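Given below as C-alpha cells:
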C-alpha cells in the first residue's frame with residue numbers, strides 16, 4: 001500500500017511537471033514538449049539506477065587516436081542515417097543497465113550496413129555476458145570502448161537473432177558460427193568537441209556517445225528539440241547519435257536511445 005501511495009505521489013508530481021512545462025512550451029518558453037510515459041511513476045534516482053548503467057573510464061590525458069576532420073572539409077547541414085537504412089529498430093533495455101552495449105552495437109550495425117549492404121541487429125546480450133574481462137559489468141554497467149575492444153579481440157559478435165537479449169546477466173554463449181560482424185578498430189573523439197562529432201557523424205556514420213540522462217525532463221521527453229540547461233557534464237547513459245539538423249533555428253543531434 002505504502003509503495004503504491006509513493007508511486008501515485010511521484011506520478012502526480014511528474015504529471016504536474018509535464019502540464020506546467022507544456023503550458024510554458026505553448027507560450028514559447030521551451031523548444032520541446034514532455035509527456036506521461038511508463039517511467040512517470042518513478043523518481044530520477046530510480047530511473048538512473050534502472051535504466052542508465054554507463055561506467056565511463058577516466059578521460060585519457062593527452063591525445064589518443066582521435067578522429068581528425070579533413071582541413072577545410074564541408075559537411076552537410078543535416079544528416080539522418082535512418083534515411084540511408086543504417087539504423088535498426090529501437091530496442092528496450094528493460095530493467096538492465098546495458099545502454100553501453102546497445103550504443104556500441106548500434107554504431108557497428110551502421111558500419112556493417114555501409115560495408116556489406118545488410119542491416120542486421122547485433123547482439124547486445126553477447127556483450128553483456130562476455131565482456132566482463134574488459135571492465136564491463138553486464139546489467140550493472142559498462143562502456144562502449146570496452147565493448148568495441150572485446151569485439152576486436154574476440155574477432156566477432158553474434159547477431160541479435162542468434163543470441164537474443166534477456167535483460168539479465170548470463171553466461172557467455174558466443175558462437176563463432178553465428179558471427180554477424182567483426183570490428184577492426186575504433187577511434188575516440190576529443191572530449192566535448194561538437195565540431196569533431198558533427199564531422200564524424202557526417203563522414204563516418206552513427207557515433208556512440210555518453211550523456212546525462214538523470215533529469216525528469218529527459219525521461220519524460222515527448223517531442224521537439226530537447227535542451228535543459230540543468231544537464232550536467234557527468235555522464236551516465238550510453239546512446240547513439242544517428243544524425244543532426246536544425247529545427248526552428250535550433251541545432252539538434254538526432255539520438256537513438
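Residue numbers (UniProt numbering): 1 to 257. All C-beta atoms in this analysis are idealised placements derived from N, C-alpha and C, irrespective of residue type, glycine included. Since the structure is predicted, the reported quantities are computational estimates derived from the model, not experimental observations.
Open item on the list: Relative to the C-alpha of residue 28, which candidate in 254, 255, 257 and 248 has its C-alpha closest?
Closed with: In the chain shown, residue 28 corresponds to position 28, counting from 1. Nearest C-alpha to residue 28: 248.
- [ ] Would you identify the three-state DSSP class for residue 12, choosing helix, strand or coil?
- [x] One-based indexing of the chain shown puts residue 12 at position 12. Helix.
Task: CA-to-CA distance, residue 20 to residue 198, given in whole angstroms - done: Start at 1 with the first residue of the chain shown, and residue 198 comes out as number 198. Start at 1 with the first residue of the chain shown, and residue 20 comes out as number 20. Counting only the Cα atoms, residue 20 lies some 34 Å from residue 198.
Open item on the list: Assuming residue 56 is part of the alpha helix (DSSP H), what are its boundary residues?
Closed with: Residue numbering aside, residue 56 sits at position 56 when the chain shown is read from its first letter. Run containing residue 56: none; DSSP gives neither H nor E here.
Task: Start-to-end residues for the alpha helix (DSSP H) that takes in residue 199 - done: Working through the chain shown from its first residue, we reach residue 199 at position 199. Note, residue 199: alpha helix (DSSP H), 194-203.
Task: Buried/exposed call for residue 92, threshold 16 Cβ in 10 Å - done: As a first step, residue 92 is located in the chain shown; it is residue number 92 there, counting from the start. In summary, residue 92 is exposed, with fewer than 16 beta-carbon neighbours lying within 10 Å of its beta-carbon over all protein chains present.
- [ ] Taking all protein chains shown into account, decide if residue 161 is buried (16 or more other Cβ within 10 angstroms of its Cβ) or exposed.
- [x] Position 161 of the chain shown, counted from the first residue, corresponds to residue 161. Result: exposed.
Open item on the list: Quick check: what's the CA-CA separation for residue 147 versus residue 73?
Closed with: If you number the chain shown from 1, residue 147 lands on position 147. If you number the chain shown from 1, residue 73 lands on position 73. Their backbone Cα atoms lie some 30 Å apart in a straight line.
Task: Rounded straight-line distance, which links the Cα of residue 12 to that of residue 134 - done: Sequence index remark: in the chain shown, residue 134 carries index 134 (1-based). Sequence index remark: in the chain shown, residue 12 carries index 12 (1-based). Between residue 134 and residue 12, the C-alpha separation is close to 42 Å.
TODO: Name the one or two DSSP bridge partners that residue 100 has.
DONE: The sequence position of residue 100 within the chain shown is 100, counting from 1. Bridge partners of residue 100: none, in fact.
Open item on the list: Tell me the residue span of the beta strand (DSSP E) that contains residue 246.
Closed with: Position 246 of the chain shown, counted from the first residue, corresponds to residue 246. Segment 237-247, the beta strand (DSSP E) holding residue 246.
- [ ] Can you say whether residue 116 is buried or exposed, counting buried as having 16 or more other CB atoms within 10 angstroms of its CB?
- [x] One-based indexing of the chain shown puts residue 116 at position 116. Taking all protein chains shown into account, residue 116 has fewer than 16 neighbouring C-beta atoms within 10 Å of its C-beta and is therefore exposed.
TODO: Within 10 angstroms of the Cβ of residue 113, are there 16 or more other Cβ atoms? Answer buried if so, exposed if not.
DONE: On the chain shown, position 113 is the one that residue 113 refers to. Burial state of residue 113 is buried, judged by a 10 Å Cβ sphere holding 16 or more other Cβ atoms.
TODO: Tell me whether residue 35 is buried or exposed, calling it buried when 16 or more other Cβ atoms sit within 10 Å of its Cβ.
DONE: Mapped onto the chain shown, residue 35 falls at position 35. Counting Cβ neighbours within 10 Å, residue 35 comes out exposed, since fewer than 16 surround it.
- [ ] Output yes or no for whether 7 Å exceeds the beta carbon distance between residue 206 and residue 81.
- [x] Counting from one through the chain shown, the residue named residue 206 turns up at place 206. Counting from one through the chain shown, the residue named residue 81 turns up at place 81. In this structure, residue 206 lies near residue 81, with their beta-carbon atoms less than 7 Å apart.
Open item on the list: For a minimum of 4 consecutive residues, which ranges assigned as the alpha helix (DSSP H) are wholly contained in the region 77-146?
Closed with: Runs found: 99-116 and 124-130.
TODO: Determine the contact status of residue 216 and residue 17, defining contact as a CB-CB distance below 7 Å.
DONE: As a first step, residue 216 is located in the chain shown; it is residue number 216 there, counting from the start. As a first step, residue 17 is located in the chain shown; it is residue number 17 there, counting from the start. Contact: yes.
- [ ] For residue 129, I'd like the list of residues in its chain whose CB is within less than 6 Å of its CB, leaving aside the five on either flank, ordered along the chain.
- [x] Here residue 129 corresponds to residue number 129 of the chain shown, with the count starting at 1. 170 and 172, listed in sequence order.
Task: Sheet register partners of residue 256 (DSSP bridge) - done: Walking along the chain shown from the start, residue 256 turns up at place 256. Paired residues: 240.
TODO: Can you give me the start and stop residues for the beta strand (DSSP E) that residue 207 sits inside?
DONE: In the chain shown, the residue the question calls residue 207 occupies position 207. Counting along the chain, the beta strand (DSSP E) containing residue 207 begins and ends at 207-211.
- [ ] Locate the beta strand (DSSP E) running through residue 31, then write down its first and last residues.
- [x] Taking the chain shown and counting its residues from 1, one reaches residue 31 at position 31. Residue 31 -> no beta strand (DSSP E), and no H or E assigned at all.
TODO: Could you check the C-alpha separation between residue 94 and residue 53 for me, to the nearest Å?
DONE: As a position in the chain shown, residue 94 is number 94, starting the count at 1. As a position in the chain shown, residue 53 is number 53, starting the count at 1. So the alpha carbons of these two residues sit roughly 12 Å apart.
Open item on the list: With DSSP as the reference, identify every bridge partner of residue 157, one or two as the case may be.
Closed with: By 1-based counting over the chain shown, the position of residue 157 is 157. DSSP output for residue 157 lists 181 as bridge partner(s).
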